[in-house]
Amino acid sequence: MKQYIFVPIGVPACGKTSFYMKTVGNNDLGMGDVPIHISSDEIREELFGTAYDQQDPERVFDIFKHRARAALECGMSVYLDATHMRKDWREYAIKLAKRHGAACVAFYFDVPFLTLLKRDKMRRRHVGFFVLLRYFFGIQAPTKEEGFDTVLVVDKDGEYTEKR
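Residue numbers for the sequence shown follow this note's numbering, so the first one is 137 and each next one is one higher.
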């Protein structure tokens, strides 16, 4: 069975985790298996008691990457739930996919800023206006040229189309 690494790319409150729960985790992609959900926020909660705690990101992402490698070595696909805002932050996923013969798929969440603000207010964990603004203007959109096999654009409603 073909393995996949799914790399969601987007600012906080854009819908990365919700998309996993509604679409990927429910096998709505038509895959044979449901990808393992690996979340940097969940690892922060395990280590520090809260996902807000941004201390020691190197340790958080060492664990994150270790869990991804372990799942792939067991023959599973993975959904790597983190912002992946910059090309250099997602380079590891592309290399990992190539090393394991997995397809690397980017889900780029293209959500309007006002929608992000509304969603942030409804979340259990708010990041606030200025954090959203910094991320919104700092994101580097993914391209196939950086090594993804497929780049899919996800809109505010969770609908996705292939980026050409």
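Glycine included, every Cβ here is placed at the ideal spot set by N, Cα and C. Since the structure is predicted, the reported quantities are computational estimates derived from the model, not experimental observations.
Each of Met212, Asp217, Cys210 and Gly146 was checked against the Cα of Phe197, and the nearest Cα belongs to Asp217. The three-state secondary structure of Ile174, taken from DSSP, is strand.
Within the same chain, Cβ atoms closer than 7 Å to the Cβ of Val289 are found at Tyr244, Asp246, Tyr296, Thr297 and Lys299, the five residues on either side in sequence being excluded. Along the length of the stretch 225-298, whole alpha helix (DSSP H) runs at least 4 residues long occupy 249-258 and 265-274, reported in chain order. Counting every other CB atom within 10 Å of its CB across the protein chains shown gives Gly185 a total below 16, marking it as exposed.
For the pair Ile230 and Arg203, the CB atoms are not nearer than the 8 Å cut-off. Between the beta-carbon of Arg226 and that of Val170 there is about 22 Å, and that puts the pair past the 8 Å contact cut.
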